[in-house]
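A short write-up of the structure that comes next.
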Amino acid sequence: MEAVMAVRETRRAPPANAARDELQTGFLLRLLDEIDYGLVLVDAAGRVQHANHLARWELACGHLLSGAVGETLVACNAALGQQLLSAIQGAAQGRRRLLHLSHGEHRLPVAVIPLAHALEAPCASVLLVMARQRAGDNLTLQMFAREHGLTPTEESVLRALCDGREVDEIAQQHGVAESTVRTQVRSLRDKTGSHGIRQLVQRVMSLPPVVPALRGEACFPRRAASSPLHLV
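Counting from 1 along the sequence shown, just add 43 to a position and that's the residue number in our numbering.
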């Protein structure tokens, strides 16, 4: 009986293992870095708690938003700052938002996601999910091209199609006639069994979002020396 009780107690309260918890946290952070979307964890005041690799890259570019872990997010103008802060504070209360941040030629759709159930107490953290800036840059497109035996030129054309380029734009970019690109598109359709460009692009866009490789912090661009407006 004592042995049975001991087993039950062990099952109820497994011994804490700090090393194991640390390992799990490390794998979680690596997992976030492998996702082809910028992910930023912030508090209700807009202070960055964590950012994955692509989010750090976007924030370092500073086109619309900038900041680092431990800092408050910075918007390029007051209107964007107020818009984002309002969405973050709403998400802390359980309300989801989809923002379309824009300034000049730069666009950045951002989903603002609460990390607590709507019926639970307000959550101290909010997740910002940034849209892909270039859909054709992830590793799975390269894997898709290899699986279907695409040539390097066909893969390049496919990337351009996924980035929303028209046939005439691709021809100009590659320095070839439009008829050449149309021939390459037909070859893409034949090799992948797609009925048209739309179906082909949809197939690629539905691939798992995996980044090609991680870059070091030293590769991040420096933010321009300016005086952007803080969210708060």
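A virtual CB, placed ideally from N, CA and C, is assigned to each residue, including glycine.
Please read all numbers here as calculations on a predicted model, not as lab measurements.
For the region 58 to 103, list the alpha helix (DSSP H) runs that are entirely contained and at least 4 residues long, ordered along the chain.
As far as the region 58 to 103 is concerned, its whole alpha helix (DSSP H) runs of at least 4 residues are 61 to 76.
Roughly how many angstroms separate the alpha carbons of SER199 and GLY105, rounded to a whole number?
Each residue's Cα considered, the two are about 28 Å apart.
Could you name each continuous alpha helix (DSSP H) segment of 4 residues or more that falls completely within the region 121 to 189, going from the start of the chain to the end?
Within the region 121 to 189, the runs of alpha helix (DSSP H) at least 4 residues long that lie entirely inside it are, in chain order, 121 to 135.
Please report the straight-line C-alpha distance between ALA98 and THR223, rounded to a whole angstrom.
A direct Cα-to-Cα measurement between ALA98 and THR223 gives close to 37 Å.
State buried or exposed for GLU209, treating a residue as buried only when at least 16 other CB atoms are found within 10 Å of its CB.
The residue is exposed, with fewer than 16 neighbouring Cβ atoms inside 10 Å.
C-alpha distance - LEU170 paired with GLN92, whole-angstrom precision:
Rounded to the nearest angstrom, the two C-alpha atoms are 10 Å apart.
Within its chain, find whatever has a CB closer than 8 Å to the CB of GLN132; leave out the 5 residues flanking it on each side and keep chain order.
Answer for GLN132: ALA87, listed in chain order.
Considering Cα atoms alone, identify which of VAL228, PRO251, PRO252 is closest to ARG241.
That would be VAL228, whose Cα lies nearest to the Cα of ARG241.
Are LEU123 and HIS146 closer than 8 Å when you measure CB to CB?
Yes, the pair counts as a contact, with Cβ atoms nearer than the cut-off.
Under three-state DSSP, which class holds SER249?
Note: SER249 maps to coil in three-state DSSP.
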